[in-house]
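Chains as they are written, first to last, in my numbering: chain A, 1 to 81; chain B, 1001 to 1416.
These notes are about the structure you will find just below.
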Amino acid sequence: MDRAEVDAKIRELAEPFNKKGVDIKEETTFQNDLEFDSLTVMDFVAEIEDEFDIIISMNQQAEIENYGQLVDAVHKLQADA
Amino acid sequence: MSEGIIQPDQPETLEGDGKDLFSKFDDIIALREGLLASGQEDPFNLVMEKVLSPTRAICNGRETILLGTYNYMGMTFDPDVVEAGKQALADFGSGTTGSRVLNGTYQGHKECEEALREFYDMDHAMVFSTGYQANLGIISTIAGKGDYIVLDIDSHASIWDGCAMGQAEVVPFKHNDIEAMEKRLKRIPEGAGKLVVLEGVYSMLGDIAPLKEMVAVAKKYGAMVLVDEAHSMGFIGEHGRGVVEDAGVIDDVDFIIGTFSKSVGTVGGFCVSNHPKFEIMRLVCRPYVFTASLPPSVVATAATSIRKLMHGSNKRAHLWENSKNLHKGLRDLGFQLGTEEPQSAIIAVIMPDLERGAAMWEALIRNGLYVNLARPPATPANMTLLRCSLCAEHSEGEVSQILEIFEKSGKEIGII
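Here you go:
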């Protein structure tokens, strides 16, 4: 899957969690812009993990602050899997 | 250093508009001040002026029924336990002033570990200075960089801190979700070390884990299993060994973590295991090595209490009765509870929000009942909970009294 396909899939998965309908850009942050709390993060990460059959450990999650970084990480993880 | 006395060593004004390292706590300071400004007694600053028994104390000048102490088996005032402590204090002094691996292992520490081995029928037992340190130490030591820890999202802080300290890859799964756990285990790269961390009883809602299924799944993927049985020791399972015993999987788990600060009635933590190399932990586990060992009186009270808990089946039965009666009574009054059926000695009453939860807590304490107020972020799903933990020493009459206080307070606050 190329980066654009990964992006499209994650965008689709993010939609139900994006309660305020924020316009998601590469630099959109999960904590401040999307206001995800820890439980939302867990559910959202679980959806992505199941979709791409990967693990995004808490350690890796700590490095991901914005949407672009998430797409990059998932793109790399699913390529390596 | 100053070049001259005219020049100060530091800039005269701090940069950042009065911000310092404490600024990160401003939100929580504001939350707390807001709560107290409404005339609340501080739920996190209660002082017990006198403790009358395992179930009664004088709190803020009032005689109060204790329903939030985790003193499940009521061992704190057991005459044999108290006597053992006094004797050890007289014979061995007030403290060891040393690490277990240097001058801090007394006969009492060995006897305490012997009592634990017998209690759990396991080959090895290691006593830590607190339950927190037992989880911190064992988890951080056995799962290091490159290893994977798969754990329930509702795990206790000591488990999370152990994960962080060991620098393993941390992979949480949805609370008690067997399928979510299996999916994560399945995706771990081949050859990586795997540790599954579970709890027998989860202390926030008082629910138990489906250990029979979960341990089987963990074993299927070649993971080691650690189960924290802090809230079950002494009364769940035929011999009080915990949910692992009740679920029939005690022989399949690699480590059981426990504490002396609940059913045992003092302070301290432990790990028991049948792993043939377990004893090496004493040399490589930093939270075990780099702290002073428990005072002789504490290990003496713990050992005595553990041995008495081996024969506590009557008390156990009464505690279950209490748990069932309280659960049914609260539900009949119209309170929303954390579990459909009572699963442990913890009954969690779910509050509509933090404000009314705090108001209810205060009404209960005013009416002579102490429970734990648990609030986000320590709670699952950001709930505000009034956690009730029962004691085998609560009489049937006391449970009725507790229910009366809940009814009165709930009506005062208008949540029932």
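Glycine included, each C-beta is placed from N, C-alpha and C at the ideal position.
query: Contact check, M1204 of chain B vs A1348 of chain B, beta carbons under 8 Å; result: yes
query: Interface residues of chain E facing R1184 of chain B [CB-CB closer than 7 Å]; result: Considering every chain present, this structure includes no chain E. Its protein chains are A and B.
query: Runs of beta strand (DSSP E) wholly within the segment 1145 to 1209 of chain B (minimum 3 residues, chain order); result: 1148 to 1152, 1169 to 1173, 1194 to 1199
query: Proximity winner among B:V1244, B:L1283, B:S1305, relative to S1297 of chain B (alpha-carbon distances); result: B:S1305
query: Beta-carbon proximity list for K1308 of chain B, same chain, < 8 Å, skipping 5 on both sides; result: M1075, D1078, D1080, V1081
query: Under 8 Å between C-beta atoms of A1345 of chain B and L1390 of chain B; result: yes
query: With 16 other Cβ atoms within 10 Å as the buried cut-off, status of V1225 of chain B; result: buried
query: Contact set for S1158 of chain B: own chain, Cβ-Cβ below 6 Å, skip 5 residues either direction; result: Y1132, N1135, L1136
query: Every unbroken alpha helix (DSSP H) within the segment 1241 to 1274 of chain B, with a cutoff of 4 residues, ordered by chain; result: 1243 to 1246
query: Three-state class that DSSP yields for D23 of chain A in the structure shown; result: coil
query: Start and end residues, beta strand (DSSP E) containing I1058 of chain B; result: 1056 to 1059
query: Chain B contact for N59 of chain A (CB, 8 Å cutoff); result: yes
query: Separation of F1128 of chain B from G1273 of chain B, as counted between CA atoms; result: Before going on, a small fix: residue 1273 of chain B reads as Ser here, not Gly. Approximately 14 Å between the Cα atoms of the pair.
query: Nearest-angstrom Cβ-Cβ length linking E1072 of chain B and A1392 of chain B, presumed shorter than 8 Å; result: According to the sequence shown, residue 1072 of chain B is Tyr rather than Glu. Indeed, because the Cβ distance is near 7 Å, the residues count as touching under 8 Å.
query: Member of A:Q69, A:D80, A:A79, A:D7 whose CA lies at the smallest distance from the CA of T29 of chain A; result: A:Q69
query: heavy atom of the ligand GDP below 7 Å from F36 of chain A C-beta; result: Inclusion of the ligand GDP in the displayed structure is not the case, the ligand content being empty and no account of it being possible.
query: Distance, L1035 of chain B Cα to K1183 of chain B Cα; result: 42 Å
query: Option in B:E1199, B:K1145, B:L1319, B:E1245 with minimal Cα separation from A1192 of chain B; result: B:K1145
query: I10 of chain A to I1178 of chain B span [Cα, whole Å]; result: 25 Å
query: Buried or exposed by the 16-neighbour rule on C-beta atoms within 10 Å, applied to G1018 of chain B; result: exposed
query: Under 7 Å (Cβ pairs) to chain A, residues found in the segment 1169 to 1182 of chain B; result: E1169, V1170, V1171, P1172, K1174, A1180
query: Short-range partners of chain A found in the segment 1379 to 1392 of chain B, where Cβ spacing is below 9 Å; result: P1380, A1381, N1382
query: Integer Cβ distance of Y1370 of chain B from L1066 of chain B, believed to fall under 8 Å; result: 5 Å
query: Alpha helix (DSSP H) runs contained entirely in the segment 1068 to 1144 of chain B, provided each spans 4 or more residues; result: 1079 to 1092, 1107 to 1120, 1131 to 1142
query: Anticipated Cβ contact below 8 Å, M1227 of chain B with V1201 of chain B, distance rounded; result: It is worth fixing the name first, because residue 1227 of chain B is Val in this sequence and not Met. Actually they do not touch by this definition, with Cβ atoms about 10 Å apart.
query: Closer than 8 Å to chain A by CB, R1187 of chain B; result: yes
query: Short Cβ contact (8 Å threshold) for D1246 of chain B with I1236 of chain B; result: yes
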